[in-house]
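Colleague:
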Amino acid sequence: MAQYELSWSQGKILEYLQKFGKTVDIDTELANKLALGYGSTVSHALKKLERYKLISVDVVASSRMVTITDLGNRHLIIDEELKGKRK
Numbered sequence: 201m202a203q204y205e206l207s208w209s210q211g212k213i214l215e216y217l218q219k220f221g222k223t224v225d226i227d228t229e230l231a232n233k234l235a236l237g238y239g240s241t242v243s244h245a246l247k248k249l250e251r252y253k254l255i256s257v258d259v260v261a262s263s264r265m266v267t268i269t270d271l272g273n274r275h276l277i278i279d280e281e282l283k284g285k286r287k
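Residue 201 is where the sequence shown starts when you use this note's numbering, and the numbers rise one by one after that.
(1) According to DSSP, what are the bridge partners of T187?
(2) When the distance is taken between beta carbons, is T269 closer than 8 angstroms to K253?
(3) How about the segment 233 to 241 and the segment 203 to 221: do they share at least three Cβ pairs that are nearer than 8 angstroms?
(4) Run the CB neighbour count on V259, radius 10 Å, all protein chains shown included, and call it buried at 16 or more, exposed below.
(5) If distances are taken between C-alpha atoms only, which option among G239, T223, E205 comes closest to S256?
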């Protein structure tokens, strides 16, 4: 299995999707919900996560549906703080 080092914003989005499964929020709504700043940050993070096949993005009734994949659900998120404790 491949391992990816996710950015902080990618980790926050993946963590949110692991909890809720899917979202139809637009980029700015998701950015505000997760305190990520700008919608463009969310947009770039979603593109990367989709490239890693951790999420899937579908257009449903002219809305974007972001769904976590099985691989995304199994992806373990380790914060820097936890990494330090493991050493």
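Here a beta-carbon is modelled for each residue, glycine too, at the ideal position from N, C-alpha and C.
Modeller: Considering the structure as presented:
(1) Residue numbering for the chain in the displayed model covers 201 to 287; residue 187 lies beyond these limits and cannot be assessed.
(2) yes
(3) yes
(4) exposed
(5) T223
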